[in-house]
Amino acid sequence: MLKKYSLLLIILLSSCADNTNNSEQKSEEVSAPDQNDDLKYLAQDFREKIYMPHENIKVAVGYGLANSILVLGNSQSLVVDTMGGIETASRVIADLNIPSDKPVTTLAYTHFHADHTLGAQAFVDQFPIENVISHETTVAEIRDFFGIKRDLISERSLKMFGSILQEKDKTSSSGIGIKLETGIDTPGYIKPSITFSNFYSHDLDGLEIQFFHAPGETDDQLFVWIPEYKTLMPGDNIYKAFPNIYTIRGTTYRSFKSWYTSLEKMMALEPQILIPSHGTPINGKEEISRVLSNYRDAIKFVHDQMMRNLNSGSSPLEAARKIKLPENLARDPHLFELYGTIEWSARNLFNGYFGWFDGNPTNLYPFTKEEYSEKLLTLIPEEQLISELDKALAEEDSQWALYISDLLIDSGKVSDQILAKKAAALKNLGDSAYNPNAVSFYRSTYAELTNSTSDKVFITGDSQIEANLLDQLDVLMFLETMAIRLDPGKVAGIADTKFVKFTDLDEVWKLRLENSVFTYEKVSEIVEYDIEMSSLTFKSLVTGTINPITGILLTNNNAKGPNKRGFLELLSNFQE
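In mature numbering (1 follows the signal peptide of the UniProt record, and there is no 0), the protein residues as written are -19 to -1, 1 to 557.
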């Protein structure tokens, strides 16, 4: 079986963070090390408050990283985005003061990110939820994000959001919020029941609510439009910071063209109320038009100028660093580089269009960093490098200090002294950086090197909550995760095929291990299967919450079949 993981911990780490739920305490504790006045000013937008931009719409801002938006109908209500955990969502529900004669019957996710989806269970627990709406690709995005991508994304997310930092070292805002409830709250994802490709219209007591596919920050992004109210809910395609067209936690390519095209679709509607999923609502057709237009122009400007610079012969890094927004755009608070940055975004454009190869044949089959460092150390004495490192630190040339310290570390010359010097450079960069994601990443790496990370512990939840989450997640996510944890050296020469029937899905799957590759597919023909069980039992088995011997082999309570032992032997190849 797979190495045992708490599913809650998997999701928490993937979506990242453990910030306080006390906004006043947080602001006091983190204000001292935060030298960014723009960020402090932006943090004021994230104070806990219920806004009413329309008599039938309420917006909960500042309770978590994202907003939750309530649309009241005559006899029922709809909620767009559900917060990042059950406890925070429950507080939002209480403060929204939803009339008892207008219960929430429909939830909608603007996209798959945890701060928008993991509070859904709170609404299901308190209201007669009939529908959960999302784009048709949202389930697949969740499967990849919380499945095969989670290890790298979780580690980098913890640093990007400063989740491993002590309170005194955190910034006053991450750029799109001041609280990320994931890691403290209990996750409560509910899978969508209504999905669509390009457009979906929902009837809420005669009020038409339209959903448009609008790829941008994510490929599954949608925006919500209420024609009668001239109200637009753009999801994460606009917030009060330069767009995060590349996120340093790692992401699939975010298309510039898709993003600015989605904004143009919104602009064509001429909204009079704009309710983002991060930050405060905006009222007024003229102001909203200006904000949307500037956001579109900034994204397109970076796209066009990056391509112009590349086509003129600049390297990807040179091309990115040449780009400066026109003054009228650079002055717009919605385009301050407090979440995404121009340089990171532009560099990602090259990767998205052209891939990893930069055109220099030296980089077709490059040295590893260890090989390169070792060769350089044969030319430059270690003592000279250390002297240069000390000089760089003394002159506050922190970036050069990082290069030198990495060179020494990669060549095997690592020592407490070198690590301390690298930590000093990281601290200097963290204290001087403008972008809060950069600040948090520098400070988090410094904290790791100096053993000064937070001592907070992530929650793990109880078994019933874990079972509820398992039930909502796709079987395919678990199979794909098993595949990437297979050690080919341990299964060389093994050829094994088993058939499992998932009784609740009425599906039979063929699981095959051969050539050190694990494959899986649903089969339509009638076959004799080795074992039958519910999909929940299978998920519990591979995550370690059911013991394979006492829970499967020695009892028929959880699984039946003529070859349970053989099926467990197949799964044993994935044990870490």
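From the three backbone atoms N, C-alpha and C, an ideal C-beta is built for every residue, glycine too.
Quick caveat, the model's predicted, so the values are computed rather than measured.
Apart from sequence neighbours up to five positions away, the residues of its chain that approach residue 314 with a beta-carbon distance below 7 angstroms are 221, ordered along the chain. With a beta-carbon spacing of about 6 angstroms, residue 287 and residue 304 fall inside the 8 angstroms limit used to define contacts. Under the DSSP assignment, residue 328 falls in the alpha helix (DSSP H) whose first and last residues are 323 to 335. According to DSSP, residue 264 shares a beta bridge with 254. Take residue 407, set aside five residues on each side of it, and the residues of its chain with a beta-carbon closer than 6 angstroms to its own are 423, 426, 427, in chain order. Straight across, the Cα-Cα distance linking residue 297 with residue 482 is about 51 angstroms. One alpha carbon belongs to residue 174, the other to residue 88, and they sit about 10 angstroms apart. When DSSP reads this structure, residue 49 sits in a beta bridge with 41. Under the three-pair Cβ rule at 8 angstroms, the stretch 209 to 218 counts as touching the stretch 247 to 263. DSSP places residue 34 inside the beta strand (DSSP E), whose first and last residues are 30 to 35. Close CB contacts of residue 73 within its chain, under the 7 angstroms cut and outside five residues either way in sequence, are with 41, 44, 49, 64 (chain order). Distances from the alpha-carbon of residue 320 to those of 414, 380, 331, 301 put 414 closest. Here residue 347 is exposed, its C-beta having fewer than 16 other C-beta atoms within 10 Å. Looking at 275, 343, 337, the one whose alpha-carbon comes closest to that of residue 312 is 275. Beyond the five residues adjoining it in sequence on each side, residue 542 comes within less than 6 angstroms, by CB distance, of 511, 512, 513 in the same chain, given in chain order. In the displayed model, residue 190 falls within a strand according to three-state DSSP.
By the neighbour-count criterion, in which a residue is buried when 16 or more other Cβ atoms sit within 10 angstroms of its Cβ, residue 196 is buried.
By the Cβ rule, the stretch 231 to 244 counts as touching the stretch 192 to 208, because three or more pairs are nearer than 8 angstroms. Shown here for residue 183: same chain residues with a beta carbon closer than 6 angstroms to its own, the five before and five after excluded, namely 190 in chain order. In this structure the stretch 322 to 342 does not lie against the stretch 355 to 362, because fewer than three pairs of beta carbons, one per stretch, are closer than 8 angstroms. DSSP places residue 73 in the helix class (H, G or I) of the three-state scheme.
Following the DSSP letters along the chain, one finds residue 87 inside the beta strand (DSSP E) bounded by residues 85 to 89.
In the three-state scheme derived from DSSP, where H, G and I count as helix and E and B as strand, residue 540 is classed as strand. DSSP links residue 490 through a beta bridge to 481, 503.
Using a Cβ-Cβ distance cut-off of 8 angstroms, the stretch 372 to 389 and the stretch 97 to 110 are not in contact, since fewer than three pairs of beta carbons, one from each stretch, lie closer than that value.
In the three-state reduction of the DSSP assignment, residue 61 falls in the strand class. The residue among 62, 284, 118 with its C-alpha nearest the C-alpha of residue 100 is 62. Closest in alpha carbon position to residue 301, among 18, 85, 285, is 285.
Residue 306 sits away from residue 291, with the two beta carbons spaced by 9 angstroms or more. When the beta-carbon positions are compared, residue 491 and residue 508 come within less than 9 angstroms of each other. Contact between residue 20 and residue 421 fails: their C-beta atoms lie close to 11 angstroms from each other, not under 8 angstroms. Secondary structure at residue 269: helix, using DSSP grouped into helix, strand and coil.
The stretch 128 to 209 contains, as complete beta strand (DSSP E) runs of 3+ residues, the segments 175 to 177, 180 to 185, 188 to 194, 203 to 207 (chain order).
Going by C-alpha positions, residue 131 is about 11 angstroms away from residue 465.
A residue is called buried when at least 16 other Cβ atoms come within 10 angstroms of its Cβ; residue 371 does not meet this threshold and is exposed.
The Cβ atoms of residue 534 and residue 517 do not sit closer than 9 angstroms to each other.
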